[in-house]
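Here's the structure, in structure tokens; my notes come after.
Protein chains in written order, with my numbering: chain A, 1 to 307; chain B, 1001 to 1222; chain C, 2001 to 2133.
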């Protein structure tokens, strides 16, 4: 982990505090108020806010712009950046632009395929992959050079994040891939939301055995369930998601009015377990289009107020 | 081979609508093997169009001819007399063949009858799969003979992505995850170390991205 | 209708499934029938079926051996697939894929043959003459 970055998230993690991050999806339009409202709901409960980049390939306000709006409110953003829509020229350009605006955290992703999105007719880019992007940001930060070796007039000193999915296949390769991302330059990892705690613990053990938890901060992802239907949908229709049958049954086992409460309970149990897993340094709460619940979860989990 | 698929009949009807005398020109190489434009397909299409035109009360005269390949002058020349008899040529060759005809027969409209799709192989009877995207810079040696540029929907060189599940790609449950295939194969070859290596960004200059390509072999030019 | 419609049926048949010599019924003024024999129904190519319609057939029947009993193992399966493909094409052309049908028939079963042809003729009455004849 590099000391070259200067973000608040990095500071909290370096101090050994259990970090809390959440997610904010920009609107499908040019209204900044939507972003500000979400920011208000999260302020004070999180150390940093991830801003998604045309998630699921649905066209939304750009991540960099939404990050800038959050910055203005005093929140610290994590700019998510996918390689699906922009080539290396545009990516490096946006990274420099983002840093110049005060954005200090970046999450490097490949991105969901455009066939899932609102404009599947589009040509995708994928000039480079997320691994290449991580390395590119590291090079820009630590060597002050862009991908062509050009010395930059002001290196972007970003805290670099990557995603990891302990629930996707092939399982045995997932830790090798994590090691690769760390070698490429990842400082922190946010995982796909965890429902299968056994599998997650297995993955964490493999990560510890490889010495990876010494080299990177891992934040476990959580998403509160709202209904049994949501649990089933995520398990069946969302790629790389593992929702065990007992959990779906548990959600189905409570009356409809109690489903949300049960979902939050499960979420809180997950967070409690995460705090006890060696190598997990924080939680990433992805309450998609349900930002108002984050505050309640953070408080009930005993993680408020933030340091 | 180059794989192509014949256009829907309704589309072909629209394309040939302005003409009363057409030549359907087939190609005996790639499109024959994928059942899009060989001699048999020319015969069926001609018959279908005659039936369709008769039903619609439209006048049409269709001549049928198939040459060995439409990407070589030597064979294209054989079709010259038939081309001169037509008002338009409906070519069932791949896009390269259609353009080669257009070059040689400047005064006759050349129309495409198939949609050219990919460079691929016959996986099993009746099934063709895309294998190569002509990136111009082959590294199949590192990837165990499976191309991530073509067969990974995201062209990842350091894959897989988080959407790989049960060996399938997130975009389609019938599509194998190329990276699962690569991992399995490298495992079988005892070359898993290849996977630990960081693969740097691809140089796309040699691909179509760098502009339409040309190969000049001086040693074969007199 | 001022002129009575006499459907023209073309029958492609495998010589193992059906023999014309055993066929006694004559169309008379009800229908016209033409037989085309093949050593195996798999010899029925898509272009032959189309050309039968080009030649003026209102309906085309393909007679094949029962599944599992093809002398050449899967000839009748190939015929079935091709017929299905041409039916779709006939729909695309706009002359109705129902004019083309395939039936399995055991060797020498003249009763079945009669029934199949009768059904085809009835079908033609419903579909009318081939609009592309």
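Glycine included, each C-beta is placed from N, C-alpha and C at the ideal position.
Can a CB atom of chain A be found closer than 9 Å to the CB of residue i?
i	result
residue 1019 of chain B	no
residue 1200 of chain B	yes
residue 1188 of chain B	no
residue 1177 of chain B	yes
residue 1184 of chain B	yes
residue 1012 of chain B	no
residue 1191 of chain B	no
For residue i, name the three-state secondary structure that DSSP assigns.
i	result
residue 2100 of chain C	strand
residue 2057 of chain C	coil
residue 1017 of chain B	coil
residue 2012 of chain C	strand
residue 2002 of chain C	With a pLDDT of only 49 at residue 2002 of chain C, under 50, the local geometry of the prediction cannot be trusted, and the value read off the model is given with reservation. Coil at residue 2002 of chain C, not helix or strand.
residue 72 of chain A	helix
residue 2043 of chain C	helix
residue 1124 of chain B	strand
residue 1091 of chain B	strand
residue 2033 of chain C	strand
residue 1030 of chain B	helix
residue 1083 of chain B	helix
residue 2077 of chain C	helix
residue 50 of chain A	strand
residue 2115 of chain C	helix
residue 1155 of chain B	coil
residue 291 of chain A	coil
residue 151 of chain A	strand
residue 30 of chain A	coil
residue 1180 of chain B	helix
residue 993 of chain B	With chain B covering 1001 to 1222 only, the question about residue 993 of chain B has no answer from this structure.
residue 232 of chain A	helix
Quick one: which chain E residues come within Cβ less than 7 Å of residue i?
i	result
residue 239 of chain A	Included in the structure are the protein chains A, B and C, with no chain E among them.
Please state whether the Cβ-Cβ distance between residue i and residue j is less than 9 Å.
i	j	result
residue 217 of chain A	residue 189 of chain A	yes
residue 2075 of chain C	residue 2041 of chain C	yes
residue 1113 of chain B	residue 239 of chain A	no
residue 304 of chain A	residue 44 of chain A	yes
residue 2012 of chain C	residue 2060 of chain C	yes
residue 1067 of chain B	residue 1078 of chain B	yes
residue 1093 of chain B	residue 1071 of chain B	yes
residue 1167 of chain B	residue 1182 of chain B	no
residue 241 of chain A	residue 195 of chain A	yes
residue 1006 of chain B	residue 1037 of chain B	yes
residue 9 of chain A	residue 53 of chain A	no
residue 1047 of chain B	residue 2054 of chain C	yes
Determine whether the Cβ of residue i lies closer than 9 Å to any Cβ atom of chain B.
i	result
residue 288 of chain A	no
residue 2051 of chain C	yes
residue 2118 of chain C	no
residue 2007 of chain C	no
residue 2001 of chain C	With a pLDDT of 48 at residue 2001 of chain C, under the threshold of 50, the predicted position of this residue should be treated as unreliable, though the coordinate-derived value follows. Chain B, which has no Cβ nearer than 9 Å to the Cβ of residue 2001 of chain C, makes this no.
residue 314 of chain A	Nothing can be reported for residue 314 of chain A: it is not among the residues displayed for chain A, which extend from 1 to 307.
residue 2129 of chain C	no
residue 179 of chain A	yes
Could you name the residues that DSSP lists as bridge partners for residue i?
i	result
residue 1172 of chain B	B:1169
residue 1006 of chain B	B:1114
residue 105 of chain A	A:78 and A:159
residue 262 of chain A	Bridge partners of residue 262 of chain A: none, in fact.
residue 1208 of chain B	Partner(s): none; residue 1208 of chain B has no beta bridge.
residue 284 of chain A	A:21 and A:221
residue 1061 of chain B	B:1021
Between residue i and chain C, is any beta-carbon pair separated by less than 9 Å?
i	result
residue 1173 of chain B	no
residue 1054 of chain B	yes
residue 1109 of chain B	no
residue 1065 of chain B	no
Below 8 Å between beta carbons is the criterion; list the residues of the stretch 1144-1159 of chain B that meet it against any residue of chain A, in chain order. For the stretch 1144-1159 of chain B, which is checked against every Cβ of chain A, the residues closer than 8 Å are 1153, 1154, 1155, 1156, 1157, 1158 and 1159.
Identify each residue in the stretch 2030-2052 of chain C for which the Cβ-Cβ distance to at least one residue of chain B is less than 7 Å, and report them in chain order. Along the stretch 2030-2052 of chain C, going in chain order, the ones with a CB nearer than 7 Å to a CB of chain B are 2046, 2047, 2050 and 2051.
Under 7 Å (Cβ pairs) to chain B, residues found in the stretch 270-297 of chain A: For the stretch 270-297 of chain A, the set of residues with a beta-carbon nearer than 7 Å to any beta-carbon of chain B is empty.
Give, in chain order, every residue of the stretch 1080-1103 of chain B whose Cβ lies closer than 8 Å to some Cβ of chain C. Those residues of the stretch 1080-1103 of chain B that come within reach of chain C (Cβ to Cβ, closer than 8 Å) do not exist; the list is empty.
Which of the residues in the stretch 162-177 of chain A, read from start to end, lie with their CB under 7 Å from any CB of chain B? Cβ contacts with chain B come from 163, 165, 168, 169, 170, 173 and 176.
Can you pull out the residues from the stretch 2093-2108 of chain C whose beta carbon lies closer than 9 Å to at least one beta carbon of chain B? Cβ contacts with chain B come from 2093, 2094 and 2095.
Residues of the stretch 1023-1051 of chain B whose Cβ lies closer than 8 Å to any Cβ of chain C, in chain order: Those residues of the stretch 1023-1051 of chain B placed with their C-beta closer than 8 Å to a C-beta in chain C are 1040, 1043, 1044, 1047, 1048, 1050 and 1051, ordered along the chain.
Check each residue of the stretch 2054-2072 of chain C: if its Cβ is closer than 7 Å to any Cβ of chain B, include it; give the result in chain order. Sequence-ordered contacts of the stretch 2054-2072 of chain C with chain B read 2054 [C-beta pairs closer than 7 Å].
Name, going along the chain, the residues of the stretch 1197-1222 of chain B whose beta-carbon falls closer than 8 Å to a beta-carbon of chain A. Those residues of the stretch 1197-1222 of chain B that come within reach of chain A (Cβ to Cβ, closer than 8 Å) are 1198, 1199, 1200, 1201, 1202 and 1204.
Residues of the stretch 1112-1135 of chain B with Cβ closer than 9 Å to any Cβ of chain C, in chain order: Listed by position along the chain: nothing, the set is empty.
Given a limit of 7 Å on CB to CB distance, which residues of the stretch 224-236 of chain A reach chain B? Flagged: no residues at all.
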